[in-house]
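S.K.: First the structure, then my questions, so here it is.
Numbering (the working numbering), first residue to last: 13 to 178.
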């Protein structure tokens with residue numbers, strides 16, 4: 013897929029490498045969007061691609077989904093018919109792909125795109141705070157709905173944020 017923003021990122025990567033800086037563009041972190049109504053956006057792998065990669069790599073792939081129906085902002089704009097899908101590894105929390113169909117999907121995909129680019133685990137990003145009422149809460153709910161295997165009582169598969177002294 014030819015995308016202007018991907019070409020720009022590729023150009024920056026080339027200039028950085030020519031300048032002696034280590035910069036490799038992860039093409040799986042480049043988002044794409046269709047400006048239809050409702051909008052469609054995606055980043056990373058599709059579910060079939062992820063399942064194939066999982067079979068080849070010997071890891072499980074899980075899916076989490078959420079709807080715009082419970083999002084206050086979407087409902088206020090009469091746009092509650094959207095959905096978001098997360099494709100991830102339950103063993104590591106790695107985000108493999110995100111697909112969004114709904115109001116401002118092209119704007120919402122960037123949180124997932126940046127998480128893939130920065131290799132941020134769902135186990136960490138699920139603790140991010142999202143303003144209310146905003147459409148970004150769709151991704152908040154999506155990340156929080158990801159399920160992880162049970163672990164021993166004395167350990168946690170989820171990162172625990174450190175308390176901040178105020």
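Glycine included, C-beta positions come from ideal geometry on N, C-alpha and C.
(1) Classify residue 140 as helix, strand or coil using the three-state DSSP reduction.
(2) Based on Cα-Cα distance, which residue from 91, 107, 82, 99 lies nearest to residue 144?
(3) Less than 9 angstroms between the C-beta atoms of residue 89 and residue 113, yes or no?
(4) Looking at the unbroken alpha helix (DSSP H) that takes in residue 122, where does it start and where does it end?
(5) Residues in the same chain with beta-carbon distance under 7 angstroms from residue 154, minus the five sequence neighbours each way, listed in chain order, please.
(6) Please determine, among 60, 36, 131, 121, the residue with the shortest C-alpha to C-alpha distance to residue 74.
(7) Quick one: using the 10 Å Cβ neighbour count with 16 as the cut-off for buried, is residue 31 buried or exposed?
(8) Suppose the cutoff is 6 angstroms on Cβ atoms and the five residues either side in sequence are ignored; what does the same chain contact list for residue 92 look like?
(9) With DSSP collapsed to three states, give me the class of residue 97.
(10) Does residue 108 come out as helix, strand or coil in the three-state DSSP assignment?
(11) Any idea if residue 203 is buried or exposed, counting beta-carbon neighbours within 10 angstroms, 16 or more meaning buried?
(12) Here's the rule: buried if 16 or more other CB atoms are within 10 angstroms of the residue's CB, otherwise exposed. What is residue 137?
(13) Kindly list the residues whose CB is nearer than 6 angstroms to the CB of residue 156, restricted to its own chain and excluding five residues on each side of it in sequence; keep chain order.
(14) Look up residue 62 in the DSSP assignment and say whether it is helix, strand or coil.
(15) In this structure, how does DSSP classify residue 56 when only helix, strand and coil are distinguished?
(16) Could you say which of 110, 146, 45 lies nearest to residue 127 if we only look at CA atoms?
(17) List the DSSP bridge partners of residue 78.
M.R.: Answer, in terms of the structure:
(1) In the structure shown, residue 140 adopts coil according to DSSP, grouped into three states.
(2) By alpha-carbon distance to residue 144, the top candidate from 91, 107, 82, 99 is 82.
(3) Contact flag unset, no.
(4) Per DSSP, residue 122 is one residue of the alpha helix (DSSP H) stretching across 117–129.
(5) Here the set comprises 76, 78, 96, 98.
(6) Comparing Cα-Cα distances from residue 74 to each of 60, 36, 131, 121, the minimum goes to 60.
(7) With fewer than 16 other CB atoms across the displayed protein chains lying within 10 angstroms of its CB, residue 31 is exposed.
(8) The answer, listed in chain order, is 80, 81, 86.
(9) In the structure shown, residue 97 falls within a strand segment according to DSSP collapsed to helix, strand and coil.
(10) Residue 108: strand per DSSP, three-state reduction.
(11) As displayed, the chain neither begins before 13 nor continues past 178, which places residue 203 out of reach and without an answer.
(12) It counts as buried.
(13) Around residue 156: 138.
(14) Helix, per DSSP.
(15) Residue 56 falls in the strand class under three-state DSSP.
(16) Proximity to residue 127 across 110, 146, 45 peaks at 110, based on C-alpha coordinates.
(17) 96, per the DSSP bridge assignment.
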